[in-house]
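Step one of this worksheet: look at the structure below.
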Amino acid sequence: MQVNCSTLSGIVRREPKRVVSPSGILHCQFSIEHRSHNTEAGCNRRVWCLVPVVMSFTVLQEIPEYIQVGSLLKVQGFLCGHKGHNSLYQIVLHAKNIELIKSGEYLNGTLFSSS
Numbered sequence: 456m457q458v459n460c461s462t463l464s465g466i467v468r469r470e471p472k473r474v475v476s477p478s479g480i481l482h483c484q485f486s487i488e489h490r491s492h493n494t495e496a497g498c499n500r501r502v503w504c505l506v507p508v509v510m511s512f513t514v515l516q517e518i519p520e521y522i523q524v525g526s527l528l529k530v531q532g533f534l535c536g537h538k539g540h541n542s543l544y545q546i547v548l549h550a551k552n553i554e555l556i557k558s559g560e561y562l563n564g565t566l567f568s569s570s
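Take a look at the structure:
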């Protein structure tokens, strides 16, 4: 059995880019920064990563307005390799569901709410 399901929360760090493919699929591309603490082999470990995210829509669908720099999101989807412009592969999270946790501006790990 093969399983590919990932959930990650993080702050949107790269301005969402909207691209329409030749087949008429609308893609929203952005990056989220994740920070947390986890226990590994009995030791506390800081976790940090910057993950590219892609979410696809039909052209008739609206991209959620809350996908903007500074928003804290929970993203659920699957991982896939993409070949970049430099011919190197990177792992990209293909979102099936995105949930807004909070909107605002993060400075030094603190959320300054915009609402």
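The numbers in our numbering rise by one with no breaks, and the one at position 5 of the sequence shown is 460.
All residues carry an ideal CB built from backbone N, CA and C; glycine is no exception.
- [ ] Give me whichever residues DSSP pairs with I487 in a beta bridge.
- [x] V467 and V506
TODO: Could you please give me the residues that DSSP links to I546 through a beta bridge?
DONE: G536
TODO: Could you name the residues of the same chain whose beta carbon sits closer than 6 Å to that of R468, not counting the 5 residues immediately before and after it, in chain order?
DONE: S486 and E488
Task: Anticipated Cβ contact below 8 Å, L534 with S478, distance rounded - done: In fact, because the Cβ distance is near 22 Å, the residues do not count as touching under 8 Å.
Task: Touch test, the stretch 492-502 against the stretch 527-545, Cβ-Cβ under 8 Å, three pairs minimum - done: They do not touch, by the three-pair rule.
Open item on the list: Following a CB-centred definition, is C460 positioned closer than 7 Å to any heavy atom of the ligand FMN?
Closed with: Ligands are entirely absent from the displayed structure, and the ligand FMN is therefore not among its contents.
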